[in-house]
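Down below is the structure, laid out as structure tokens.
Set out below in structure tokens:
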């Protein structure tokens, strides 16, 4: 799996996400499993020159558990129903 759209500080601009997808393609990956990127890459679906991406949606986690900007952080478990709605 990979995180097209994720950089060192979290979400990256769409043009940088395209560059990431092109890098994956150039390495031979034509089908990617994205396990929680904060960038909405659905715009890539109509781009036959880019790999196909199967998305898991935004990662949900307690605060400060993962890389900054990666997860949608929930302070309390009671926030979970609204976060997935």
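In my numbering, the protein residues as written are 6 to 90. Built from N, CA and C at the ideal position, the CB exists for glycine as well. Predicted, not measured: the structure shown is a model, and the values here were computed from it.
- DSSP, read as helix, strand or coil, puts residue 66 in strand.
- Here residue 59 is exposed, its C-beta having fewer than 16 other C-beta atoms within 10 Å.
- Around the CB of residue 14, fewer than 16 other CB atoms lie within 10 Å, so the residue is classed as exposed.
- Residue 83 and residue 62 have their C-alpha atoms spaced approximately 19 angstroms apart.
- As computed with DSSP, residue 36 is found in a beta bridge with 57.
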